[in-house]
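Peer 1:
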Amino acid sequence: MREQVSDDPRDDPRTEDSRTGGSRTGDSRTGTGPRLRVLLWHVHGSWTTSFVQGRHHYLLPTLPEGGPWGAGRLGRAWPDRVREVPVAELADTDVDVVVLQRPEELDLATRWLGRRPGRDVPAVYVEHNTPKGDVPNTRHPLADQTEVPIAHVTHFNELIWDCGRAPTTVVEHGVVDPGHRYTGELARTGVVVNEPVRRWRVTGTDLLPRFASIAPVDVFGMGLAGLNERLGLDRAALTPVGDLPTERLHAELARRRVYLHPVRWTSLGLSLIEAMHLGMPVVALATTEAGVAVPPEAGVLATDPRRLVTAVRELIAEPELAHRMGKHARQAALARYGLPAFLANWDRLLTQVLP
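Counting from 1, position 337 in the sequence shown corresponds to residue 337 in the UniProt record's numbering; the numbering is continuous, with no gaps.
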């Protein structure tokens, strides 16, 4: 998606204070409440890409060495409202709300801002993941505190995490619409997964040979080294394509006949939602939130892998059926995971945590 750079001074956070005495004034263009200075870390690229499409000013900490705590925008083509701020300058930077995504960020923000999130500055904690360990008894790192609400990205996650007395809510995913790009011209299956060898059963990597026996499988994502060797498949049966830039990933993925989501235990992947936006039919394990995200007319979901293998066979053999399902998948994704609703829901939540 090409970003439009605005020359409106209201889009420049450097001029906000001199005009209004702060950014928390109503937006005269939309009339939808205050525009905020939001501090957050660049943790999940696709989620952050959607989040920063909003109307606020987004501040990303940077360290000279980069790394997980100071990576900034990592060269992403995000709007000019996204600004990198050196960690050394954060204590003198006006911040209206902090969006936390990892437990360590709570103490980091306290040290770097000189203010405690949830106590001295409003904050929200975004929980992107399903719990690990003693499920469903896994205690959330912020369980029982009441200063920082926990925003889950799926209702399943809110149900399964034990958050104790901590206030919780759900803000479902939203993605920037890549457009209806599906052709399905290649009688192959597409999978998007990071580190499938390390994560193995979690991501359903062990199931891939069943699908490769029906049609070639193309795997997109990071950390694919050793995948063929571990599965005992040659590259004719399974091709590790690798990690592609988003635009190219969407173009290549949309050429595959079927999108396969064999995941056992992760949160609802944005790659699944993006594939639906592209207009791809979905074959997926009916685990975690997938059964809610993909309606019956948009694909096939089951907990029996044999049923999914049959579905892939049918869609490979029937391109017209694949196209019909893909159109329904796109309609469902736009209705539930469109960007406008995502941004509006986040606007409401950020406004609610303000004093």
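We treat Cβ as the ideally placed atom computed from N, Cα and C, and that holds for glycine.
#1: CA-CA distance, Ala344 and Gly226?
#2: Is the stretch 163 to 176 in contact with the stretch 233 to 243, if contact means three or more CB pairs nearer than 8 Å?
#3: Would you identify the three-state DSSP class for Ile214, choosing helix, strand or coil?
#4: Could you tell me which residues DSSP puts in a beta bridge with Ala123?
#5: Cutting at 6 Å between CB atoms, please list the residues of its own chain near Leu186, excluding the five before and the five after it.
#6: Counting along the chain, where does the beta strand (DSSP E) carrying Arg256 start and finish?
#7: Can you tell me whether DSSP reads Asp234 as helix, strand or coil?
#8: Does the beta-carbon of Asp96 have 16 or more other beta-carbons within 10 angstroms, so that it is buried, or is it exposed?
#9: For the pair the stretch 183 to 197 and the stretch 304 to 322, tell me if three or more CB-CB distances fall below 8 Å.
#10: DSSP state of Arg348, grouped into three classes?
#11: Determine the extent of the beta strand (DSSP E) in which Glu84 is found, giving its start and end residues.
#12: Bridge partners for Asp162 per DSSP, in chain order?
#13: Could you tell me which of Trp78, Pro103, Phe220 sits nearest to Arg55, measuring between CA atoms?
#14: In angstroms, rounded to a whole number, what distance separates the CA positions of Cys163 and Asp134?
#15: If we require 4 or more residues per run, which alpha helix (DSSP H) segments fall completely within the stretch 234 to 314?
#16: Within 10 angstroms of its Cβ, does Leu354 collect 16 or more other Cβ (buried), or is it exposed?
#17: Closest by CA to Arg230, which one among Leu207, Tyr259, Pro245?
#18: Excluding sequence positions up to five away, which residues of its chain have a Cβ less than 6 Å from the Cβ of Ala322?
#19: Residues in its own chain within less than 6 Å of Val52 by CB, not counting five upstream and five downstream?
#20: Less than 8 Å between the C-beta atoms of Leu108 and Trp69, yes or no?
#21: Excluding five sequence neighbours on each side, which residues of the same chain lie with their C-beta closer than 7 Å to the C-beta of Arg201?
#22: Measure the alpha-carbon distance for Ser50 versus Gly204 and round it to whole angstroms.
#23: Report yes if the C-beta distance between Trp161 and His140 is below 8 Å; otherwise report no.
#24: Are the beta-carbon atoms of Val217 and Ala236 separated by less than 8 Å?
Peer 2: Checking against the coordinates, here is how it stands:
#1: 42 Å
#2: no
#3: coil
#4: Val98
#5: Arg255, Arg256
#6: 256 to 261
#7: coil
#8: buried
#9: Counting Cβ pairs under 8 Å, three or more are found: they touch.
#10: helix
#11: 82 to 86
#12: Arg139
#13: Trp78
#14: 14 Å
#15: 246 to 253, 270 to 278, 290 to 293
#16: exposed
#17: Leu207
#18: Gly184, Arg257, Pro281, Leu315
#19: Tyr58, Trp78, Val82
#20: yes
#21: Excluding sequence neighbours, Arg201 sits near Arg264.
#22: 27 Å
#23: Taking 8 Å as the Cβ cut-off, Trp161 and His140 qualify as a contacting pair.
#24: no
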